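Numbering (my numbering), first residue to last: 181 to 370. Remarks on the structure that follows.
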């Protein structure tokens, strides 16, 4: 599998797999080649360390939008701070999920919603697992009952065959229980 690490937001080739290098923390398994668009030495070094061929290409220059904030500087800084907290808490939930244990975040609307969604899935999986275990136990009980019935029926069939043998009445070796019952019923009453 080949990955392309790029910060582009449009113009994706549907036949290729993309990753945002801003969110890179370790190389992915099963990757055979990597294309890195722009200056992302951490990505390049990590993949080269694990022996994956890396192609680095220069990013097209970005257009930067300059916004004069004037009196809104404090508001923008507060918003950026909130977004960073939100991003950090979502990442904490994801990292916890990767580790197999997640804790409910105390802040971050998206992180809390993500936690609740994942916790709901966890609860549903636990219910499904319990239902599966109950069905497996019930299935085993039914198998045991069926085996008991077969054993009991086998004893009945053997008893009927013994009566027919004593009366010298011929029957097929693979005769059904019903046909043996008929033959026994037709035996002369002694």
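Don't be surprised by glycine CBs; every beta carbon is placed ideally from N, CA and C. Nothing here was measured: the structure is a model prediction, and the numbers come from that model.
Please state the DSSP three-state secondary structure of residue i.
i	result
residue 127	Summary: the structure shown does not reach residue 127, with the chain confined to residues 181 through 370, and so no result is reported for it.
residue 182	strand
residue 235	strand
residue 349	coil
residue 191	coil
residue 328	helix
residue 342	helix
residue 316	helix
residue 456	In the structure as shown, the chain starts at 181 and stops at 370, and residue 456 therefore has no counterpart that could be examined.
residue 370	Residue placement at residue 370 is flagged as unreliable, the pLDDT there being 49, under the threshold of 50; the coordinate-derived value follows with that caveat. Three-state DSSP puts residue 370 in coil, outside helix and strand.
residue 210	coil
residue 252	helix
residue 230	coil
residue 356	coil
residue 121	This structure gives no information on residue 121, because the portion of the chain shown stretches from 181 to 370.
For residue i and residue j, what's the separation of their Cα atoms in angstroms?
i	j	result
residue 354	residue 306	48 Å
residue 356	residue 298	56 Å
residue 264	residue 324	60 Å
residue 302	residue 286	20 Å
residue 229	residue 221	12 Å
residue 281	residue 312	23 Å
residue 348	residue 368	12 Å
residue 262	residue 256	10 Å
residue 188	residue 234	18 Å
residue 366	residue 336	17 Å
residue 283	residue 309	22 Å
residue 199	residue 186	6 Å
residue 334	residue 317	25 Å
residue 238	residue 260	28 Å
residue 252	residue 277	37 Å
residue 181	residue 212	5 Å
residue 319	residue 338	28 Å
residue 370	residue 352	With a pLDDT of 49 at residue 370, under the threshold of 50, the modelled position of that residue is not reliable, and the figure given next carries that caveat. Looking at the two C-alpha atoms, the distance is approximately 24 Å.
residue 364	residue 322	31 Å
residue 197	residue 329	59 Å
residue 224	residue 193	22 Å
Which residues share a DSSP beta bridge with residue i?
i	result
residue 217	237
Is the Cβ of residue i closer than 8 Å to any Cβ of chain D?
i	result
residue 307	Absent from the structure: chain D. Only one protein chain is present.
Worksheet item: In the stretch 273–305, which residue ranges form an unbroken beta strand (DSSP E) of at least 3 residues, counting only runs that do not cross its ends?
Response: Residue ranges of uninterrupted beta strand (DSSP E) with 3 or more members are absent from the stretch 273–305; none lies entirely inside it.
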